[in-house]
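11 is the number of the first residue of the sequence shown in my numbering; add one for each residue after it.
The beta-carbon is built from N, C-alpha and C at its ideal position, and this holds for glycine as well.
Reviewing the structure listed below.
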Amino acid sequence: MLAYRARQYPIVSTPTPTTRPEGHEPPGVWALAFPSIVGNVAFSAVALVQTKFVGVLGPEALAAVGAGQRVFFAMQAVLIAVSAGTTALVARAWGAGDYNEASRVTMASLALAGLFALVVMVIGVTAARPVASLFGLDPVTLDLAASNIRMFSWFNLAFAVNFILSAALRASGDAWSPLWIGIGVNVLNLPLLYVLIFGHYGFSALGVAGVAAAAGISFSVGGAVLLILWLNQKFRVRHVGSGWWRRARLRRLLDIGYPAAAEQVVFQVGFFIFLMLIGNFYGTEAFAAYNVGGNLLMVCITVGFGFSIAGSTLVGQHLGAGDYPGAVRSGWRACALATLTMGGLGFLVALFAGELAAYFIGDEPLTVRYTIILIYVLGAMMPLLAVEFALGGALRGAGDTRFPLIATLCGLIGVRCGLAVLFTYMELPVVWVYSAMVGDFLVKAVMLVVRFRRGRWRTAISMEDPQRA
11 MLAYRARQYP IVSTPTPTTR PEGHEPPGVW ALAFPSIVGN VAFSAVALVQ
61 TKFVGVLGPE ALAAVGAGQR VFFAMQAVLI AVSAGTTALV ARAWGAGDYN
111 EASRVTMASL ALAGLFALVV MVIGVTAARP VASLFGLDPV TLDLAASNIR
161 MFSWFNLAFA VNFILSAALR ASGDAWSPLW IGIGVNVLNL PLLYVLIFGH
211 YGFSALGVAG VAAAAGISFS VGGAVLLILW LNQKFRVRHV GSGWWRRARL
261 RRLLDIGYPA AAEQVVFQVG FFIFLMLIGN FYGTEAFAAY NVGGNLLMVC
311 ITVGFGFSIA GSTLVGQHLG AGDYPGAVRS GWRACALATL TMGGLGFLVA
361 LFAGELAAYF IGDEPLTVRY TIILIYVLGA MMPLLAVEFA LGGALRGAGD
411 TRFPLIATLC GLIGVRCGLA VLFTYMELPV VWVYSAMVGD FLVKAVMLVV
461 RFRRGRWRTA ISMEDPQRA
């Protein structure tokens, strides 16, 4: 059942050894991971400041922001789908030396993502409250969560532009341009959070909705900068006005992307189930603790995203160049570095769990206690989560997006949600429900290691000229 071959849509022409300009060799793992890690850590720092600001408003506000963010991430599944195809195909084309095809894939990806973003925006604006009600929140928290979701949705097109252009640049080996623009977005986001949440300098206090408004405005500015630079040919992945609209190219983007979208849907459904159990049976404090603890460990998770990007890009580029051993080495190196780095950071956060929880939550002893428990559980699991990030990214970079979906179904739905339902039915303390994550991460890590070792991912996509299709 686990062995499959993706439909064979044409990808790029196989290059001769002379098609690669000097200086365009695949970079190392750290060269790609480091800028992505720095950028993600900057976003995590903003998330911590956001948590501190929202914490002043009480546990209802914290729970509402957590629910709103979870719904927002679910709505981004279609963008993640397109970006998965973007990363795999741009990296493969770049590794093969077909730089024009990399640019055409970028243009096609941006058009698809923009269309999907508008559709999702309408859904988010009109159905915010019914979706938020799935978490079983109390009426006050439900109203706050709905306002957060609605505000996020208005800026969906800006998120799409940032998502796709940054993915294309990283897939071509340029991880620094997204970093600098991302830092600018974060620098703008911080004062906007303060002004819009609390209402200063003549602005109304938006509270929880201000979190989404601050992010939306800052990402709109970042997206505008990306578009201007791209349209003026300032990036290695160029803007093209013609030749990008080919059905074969759009089909293969969707063929690679739809399992990634399905994975995100499964991922978010699993989290909905998990958080619904916590919210309905263990209260607002346990629900808020999950979100605060996750934000405190976000620095570890963002490191994982950096190595996922590096593994995805390098595996794709090496396969495009016909260097299968190089693709294997890149995947394992990304995994080893991610495990060491995330494991160390998880230990440090767990070491200061009490102090961090008390600082960010304040005088809410039950929420603080639950947060400490959550940090201990998640912190201990960081090495397993590192395997999921690095090898999952490597498989997606090869175009093998179906197996991470299968692993997520088994781990998150089968193990985590299954155990959480069992523990809730048995009326065990919330620590047991939190601990269901251990089985989830363990199952996924084992499955991904076995899949990567077998090497079937190298034939997930083919190598032909899409212009002939």
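Burial is judged here by how many other beta carbons sit within 10 angstroms of a residue's own beta carbon; Phe362 has fewer than 16 and is exposed. Pro69 sits in a helix when the DSSP states are folded into three classes.
Going by C-alpha positions, Leu147 is about 32 Å away from Met352. Setting aside the 5 residues that flank it on each side, Ala360 is surrounded in the same chain by Ile385, Tyr386, Gly389, Ala390, each with a C-beta closer than 8 Å to its C-beta; the list follows chain order. Between Ile207 and Phe63, the CB-CB gap stays under 9 Å. Spatial neighbours of Ala223 in its own chain (CB-CB distance under 7 Å, excluding positions within 5 residues in sequence) are listed in chain order as Met161, Leu206, Leu216. Residue environment: Gln243 is assigned as exposed (fewer than 16 neighbouring CB atoms within 10 Å of its CB, all protein chains considered). 9 Å or more divides the Cβ of Gly407 from the Cβ of Asp265. In this structure, DSSP gives Trp190 a helical state, which the three-state scheme calls helix. Within the stretch 397-436, no run of beta strand (DSSP E) reaches 3 residues while sitting entirely inside it.
Less than 9 Å divides the Cβ of Ile288 from the Cβ of Phe297.
A distance of 9 Å or more separates the beta carbons of Ala219 and Phe317. Leu120 is positioned such that its CB atom lies closer than 9 Å to that of Ala170. Non-local C-beta neighbours of Leu376 in its own chain, meaning closer than 7 Å and more than five positions away in sequence, comprise Glu295, ordered along the chain. Taking 9 Å as the cut-off, the Cβ atoms of Leu175 and Leu128 do not count as close. By alpha-carbon distance to Arg180, the top candidate from Gly233, Leu241, Thr97 is Thr97.
By the Cβ-count criterion, Asn290 is exposed, with fewer than 16 other Cβ atoms from all chains shown falling within 10 Å of its own Cβ. Counted as a single uninterrupted DSSP element, the stretch harbouring Lys244 is not any alpha helix (DSSP H), since DSSP gives it neither H nor E. Judged by their CB atoms, Pro393 and Thr349 are nearer to each other than the 9 Å cut-off. Taking all protein chains in view, the Cβ of Ile133 is surrounded by fewer than 16 other Cβ atoms within 10 Å, so the residue is classified as exposed. Contact check between the stretch 192-202 and the stretch 134-145: fewer than three CB pairs, one atom from each, fall below 8 Å, which does not count as touching.
Distances from the CA of Ala118 to each of Arg262, Gly65, Ala185, Val197 were compared; the closest alpha carbon is that of Arg262. Around the Cβ of Thr418, a 10 Å sphere holds 16 or more other Cβ atoms; the residue is buried. Under the criterion of beta carbons closer than 8 Å, Leu347 and Gly105 do not qualify as touching, at roughly 21 Å. By the CB criterion at 9 Å, Pro269 and Thr469 fall outside the cutoff.
Annotation note: the stretch 273-312 contains no uninterrupted alpha helix (DSSP H) run of length 4 or greater.
Note that the C-beta distance between Ser113 and Val247 is below 9 Å. A Cβ-Cβ contact shorter than 9 Å links Leu306 with Leu366. Looking from the CA of Ile90, the closest CA among Leu67, Ala123, Gln60, Gly38 belongs to Ala123. Of the other Cβ atoms in all chains shown, fewer than 16 fall within 10 Å of the Cβ of Gly212; this residue is therefore exposed. Across the structure, Leu239 and Tyr435 are spaced so that their CA atoms are roughly 55 Å apart.
Between the beta-carbon of Ala344 and that of Val39 there is about 5 Å, and that keeps the pair under the 8 Å contact cut.
When the beta-carbon positions are compared, Gln86 and Gln274 come within less than 9 Å of each other.
Proximity to Leu67 across Gly107, Leu154, Leu144 peaks at Leu154, based on C-alpha coordinates. In summary, Val197 is exposed, with fewer than 16 beta-carbon neighbours lying within 10 Å of its beta-carbon over all protein chains present. Nearest to Arg257 by alpha-carbon distance, out of Gly428, Ile416, Val115, Gly372, is Val115.
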